[in-house]
Amino acid sequence: MSILNSRIAAFSTALAVIAFAGGDAVAQKKYDPGASDTEIKIGNIMPYSGPASAYGVIGKTMEAYFKKVNAEGGINGRKINFISYDDGYSPPKTVEQARKLVESDEVLAVYAPLGTPPNSAIQKYMNAKKVPQLFVATGATKWNDPKEFPWTMGWQPNYQSESRIYAKYILKEKPNAKIAILYQNDDYGKDYLKGFKDGLGAKGASMIVVEESYEVSQPTIDSNIVKMKSSNADVFFNITTPKFAAQAIKKMGEIGWKPTHFLNNVSASIGAVIKPAGYENSQDIISSAYMKDAADPQWKNDAGMKGFDEFLAKHMPEGNRIDGSVMYGYNSAQTMVQILKQCGDNLTRENLMKQAASLKDFTTATMLPGIKLNTGATDFAPIEQVQLMRFKGEAWELFGEIISGETGG
Amino acid sequence: MTTAHETATAAPATGKAAAAAAPSMNVARAASLITLALLLLAPLFLKNFYIFQMTQWLIYAIALLALNILTGGSGQFSLGQSAFYAVGAYTAAVMMEIMGVNYVLTLPAAGLICFVFGFLFGLPALRLSGIYLALATFALAVAMPQVLKLHFFEHWTGGVQGLVIIKPDPPEFIKTIGVKMSQDMWLYYFTLVVGIGIYIASVNLLASRSGRAMMAIRDNQIAAAAMGVDVPLYKTLAFGISAGITGVAGALGAIAVAFVAPDSYTIQLAIALFLGMVIGGVGWLPGSLAGAAFMVFVPNIAESISKGLSGAIFGVILIIIIFLVPHGARQIAYMAQHLIGKIGKSS
Chain S
3 MSILNSRIAA FSTALAVIAF AGGDAVAQKK YDPGASDTEI KIGNIMPYSG
53 PASAYGVIGK TMEAYFKKVN AEGGINGRKI NFISYDDGYS PPKTVEQARK
103 LVESDEVLAV YAPLGTPPNS AIQKYMNAKK VPQLFVATGA TKWNDPKEFP
153 WTMGWQPNYQ SESRIYAKYI LKEKPNAKIA ILYQNDDYGK DYLKGFKDGL
203 GAKGASMIVV EESYEVSQPT IDSNIVKMKS SNADVFFNIT TPKFAAQAIK
253 KMGEIGWKPT HFLNNVSASI GAVIKPAGYE NSQDIISSAY MKDAADPQWK
303 NDAGMKGFDE FLAKHMPEGN RIDGSVMYGY NSAQTMVQIL KQCGDNLTRE
353 NLMKQAASLK DFTTATMLPG IKLNTGATDF APIEQVQLMR FKGEAWELFG
403 EIISGETGG
Chain A
426 MTTAHETATA APATGKAAAA AAPSMNVARA ASLITLALLL LAPLFLKNFY
476 IFQMTQWLIY AIALLALNIL TGGSGQFSLG QSAFYAVGAY TAAVMMEIMG
526 VNYVLTLPAA GLICFVFGFL FGLPALRLSG IYLALATFAL AVAMPQVLKL
576 HFFEHWTGGV QGLVIIKPDP PEFIKTIGVK MSQDMWLYYF TLVVGIGIYI
626 ASVNLLASRS GRAMMAIRDN QIAAAAMGVD VPLYKTLAFG ISAGITGVAG
676 ALGAIAVAFV APDSYTIQLA IALFLGMVIG GVGWLPGSLA GAAFMVFVPN
726 IAESISKGLS GAIFGVILII IIFLVPHGAR QIAYMAQHLI GKIGKSS
């Protein structure tokens, strides 16, 4: 008996050894340049200087968030080494910095470079080098193209699907609307405009009574607003960046023009737009969102918002909590951390893309309730949902259901 | 590469230094040969990324050379070089991507188109001088990105989205002689050859009758006219030539970066070019290399010191340079020459 027992014991020990060895072989660590047992190098390019330097705070927020993650032990024991360079929003400089990150710093991936022209400039290079260009910080529609560019992925809802949602809403609620449009004369403005016109369809062309554009360098858009009022339009689609959006809302209040006002998500910030423009001028504006607005009183006691404030207090005391860019960086960085976690010990560029393309109902505590990030092998658009909201009193009132904007050129 | 001072491009302010330079001509010649050798050999030992940076450096040097001919040669200011650079870049991009023309052929085309553009712009500019001319060219630089975005041109320029260019591979004959060369290295040597060609042509231009006429206009317009120099012709010619060379630089830049967009050619570029010229030394052609090095590398240095304050640090570096060596790299070169000459005499 005892002999048998000892034999069994020996056998099972042997079995255990084999199983252990086998398990070890399966969980073998795999690394591409930029990853090791102790570190994951992530590159980033931001306009810390130049015309778009206001967005530089996104990079600073990401840096602070990764610092927090590192302080809490890192990801599967590895620290994130976040290398962020300035391109001044100038595409040739972006190319230089991207090449520096890939060829000199040898990062695992370039994460969240900001702006449509800078990202366009490096897209071909990144894909030729097979280095992930992940979660680019631009709302252009073209980043969801896994067939042509399997190494490039967007993050935020794209401009075209957002404006298509407004167009649909107008067709349903106000089929006889006379529409005025004001847009910024650049890639962002024209992308919104295209989505809106596509959404209105053939009939829509006749609904638009006036279409005004302005340049970012323009000091004020007051005259554009006055001109649009004289067109007697009863719907206004406002495709402007925060400074101009505040000007527009204020001027409309002054001259008493009260159309149904659609404001693009870019400028839906209470702190940067609504408050300076005046609450009374902003009543009933319709917009859409996917993240919580820190200036919105309805999230005052929200657990997610408390976490956000804690993060700011501890890791980024200089951060302005009502700046939408801070919230953006906070949420985007969490998405990045999520896919790095999913990668486990297989930190190859290929696996990173694979994990980025297999997000399942991921969400953060500071996204709007119900917004979920989903990706797949043919779906490189993580956030495709937004919710319509109307400004009432001093807060956005969410209404209707979470709407999925369809993708498509 | 330092033969330019022989051609009397030196401004009167540095006449003393120029006089001292004569005996040490050999030093200058040696310096230019060493520079050339370094430019030829350096890429063989560098990573592709650094070769790419060096290519950009050479391209900006060509653009600075063009500005130097205009300002140093004919005494006219321009803050609008970015506009000519953009026209050159878009010429190359449109020809390569939409018409399918070989990239080598886009350079002369860009040069020619920009020459005509610059020459035509030079005509109204004749009525302006000094800071007023600088303002007129400034307007050109501000307008250019918006013009490129115009709906009317969008079919060609790609509008706000810009155009992506396919980077050219090294030609077949290099492969057949058994040399393996990356795209970056090929583009570097290609740019170097174009740059040297333009440099030699520019030195000869300034040494020629036309060059002397331009410099006479720079020094005293009335005296030049009294001596029979056709002032309007040479002034516009200087504009045209400068614009043409800038256009070639722009085309090279577009090919090297493999992308053009209106945001690449804003007023910032024009100001950077102007800065580069001052840093290199106005009117001193070899200084273009030093000025371009400043344009490419100093912002990176500033950024590595502090990300948030990179602009302020850049400014501080700039002020220090202007304070210590107001004539830029040219002054350093003369000081070095003087020193070497002294050592040579005492030994």
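Those protein sequence lines, which keep their order, are chains S and A. First residue of the first sequence? That's 3 in the numbering used here, and the numbers climb one at a time after it. First residue of the second sequence? That's 426 in the numbering used here, and the numbers climb one at a time after it. By construction, the Cβ of each residue, glycine as well, lies at the ideal position given by its N, Cα and C atoms. Just so you know, these numbers come straight off a predicted model, no measurement behind them.
Residue closest to residue i, alpha-carbon to alpha-carbon, out of the options
i                      : options                    : result
residue 595 of chain A : A/552, A/613, A/564, A/746 : A/613
residue 731 of chain A : S/300, S/87, S/258         : S/87
residue 739 of chain A : A/747, A/727, A/733, A/750 : A/727
residue 671 of chain A : A/533, A/527, A/519        : A/533
residue 780 of chain A : A/750, A/553, A/548, A/504 : No information on residue 780 of chain A is available, as it lies outside the stretch 426 to 772 that chain A covers here.
residue 211 of chain S : S/191, S/179, S/226        : S/179
residue 53 of chain S  : A/689, A/464, A/475        : A/689
residue 621 of chain A : A/488, A/577, A/573, A/475 : A/488
residue 359 of chain S : S/42, S/155, S/70, S/97    : S/155
residue 84 of chain S  : S/301, S/97, S/111         : S/111
residue 231 of chain S : S/308, S/207, S/361, S/213 : S/213
residue 209 of chain S : S/236, S/161, S/297        : S/236
residue 697 of chain A : A/681, A/718, A/544        : A/718
residue 591 of chain A : A/680, A/642, A/762        : A/680
residue 159 of chain S : S/59, S/336, S/108, S/389  : S/389
residue 290 of chain S : S/195, S/402, S/55         : S/402
residue 98 of chain S  : A/660, A/721, A/655, A/459 : A/721
residue 653 of chain A : A/638, A/609, A/457        : A/638
Nearest-angstrom Cβ-Cβ length linking residue i and residue j, presumed shorter than 8 Å
i                      : j                      : result
residue 405 of chain S : residue 292 of chain S : So it is not a contact: roughly 10 Å between Cβ atoms.
residue 67 of chain S  : residue 332 of chain S : 6 Å
residue 215 of chain S : residue 197 of chain S : 16 Å between Cβ atoms; not a contact.
residue 393 of chain S : residue 249 of chain S : The Cβ separation is near 17 Å, so there is no contact.
residue 189 of chain S : residue 119 of chain S : 7 Å
residue 648 of chain A : residue 641 of chain A : 7 Å
residue 319 of chain S : residue 396 of chain S : Residue 319 of chain S to residue 396 of chain S, Cβ: 26 Å. No contact.
residue 253 of chain S : residue 474 of chain A : Residue 253 of chain S to residue 474 of chain A, Cβ: 49 Å. No contact.
C-beta contact flag for residue i and residue j at 7 Å
i                      : j                      : result
residue 217 of chain S : residue 266 of chain S : no
residue 382 of chain S : residue 146 of chain S : yes
residue 2 of chain S   : residue 47 of chain S  : Lying before the first or after the last residue shown, residue 2 of chain S is absent from chain S, which here runs from 3 to 411.
residue 121 of chain S : residue 138 of chain S : yes
residue 77 of chain S  : residue 342 of chain S : yes
residue 246 of chain S : residue 264 of chain S : no
residue 498 of chain A : residue 707 of chain A : no
residue 669 of chain A : residue 539 of chain A : yes
residue 317 of chain S : residue 144 of chain S : no
residue 484 of chain A : residue 677 of chain A : yes
residue 686 of chain A : residue 94 of chain S  : no
residue 733 of chain A : residue 51 of chain S  : no
residue 508 of chain A : residue 565 of chain A : yes
residue 153 of chain S : residue 135 of chain S : yes
residue 324 of chain S : residue 273 of chain S : yes
residue 63 of chain S  : residue 328 of chain S : yes
Bridge-paired residues (DSSP) for residue i
i                      : result
residue 606 of chain A : Per DSSP, none; premise fails for residue 606 of chain A.
residue 392 of chain S : S/288, S/399
residue 387 of chain S : S/406
residue 767 of chain A : BP columns for residue 767 of chain A are empty, so no partner.
residue 37 of chain S  : S/42
residue 265 of chain S : S/240
residue 154 of chain S : S/135
residue 589 of chain A : A/684
Boundaries (first-last residue) of the alpha helix (DSSP H) holding residue i
i                      : result
residue 402 of chain S : It is not in any alpha helix (DSSP H) - residue 402 of chain S instead sits in the beta strand (DSSP E) that spans 397-406.
residue 48 of chain S  : Where residue 48 of chain S is concerned, there is no enclosing alpha helix (DSSP H), although the beta strand (DSSP E) it sits in stretches over 41-48.
residue 700 of chain A : 692-705
residue 111 of chain S : Run containing residue 111 of chain S: none in the alpha helix (DSSP H); it sits in the beta strand (DSSP E), 111-113.
residue 332 of chain S : 326-345
residue 477 of chain A : 473-493
residue 646 of chain A : 646-651
residue 66 of chain S  : 58-73
residue 91 of chain S  : That residue, residue 91 of chain S, is in no alpha helix (DSSP H); it is neither H nor E in DSSP.
Span of the beta strand (DSSP E), counted from its first residue to its last, around residue i
i                      : result
residue 375 of chain S : Counting along the chain, residue 375 of chain S falls outside any beta strand (DSSP E), and DSSP gives it neither H nor E.
residue 212 of chain S : 210-216
residue 573 of chain A : No beta strand (DSSP E) contains residue 573 of chain A, which is instead part of the alpha helix (DSSP H) from 556-574.
residue 84 of chain S  : 81-88
residue 167 of chain S : First-last for residue 167 of chain S: 161-175, but that is the alpha helix (DSSP H), not the beta strand (DSSP E).
Problem set entry | Contact set between the stretch 623-647 of chain A and chain B, restricted to residues whose Cβ is under 9 Å from the partner | Of the chains in the structure shown, none is chain B; the protein chains are S and A.
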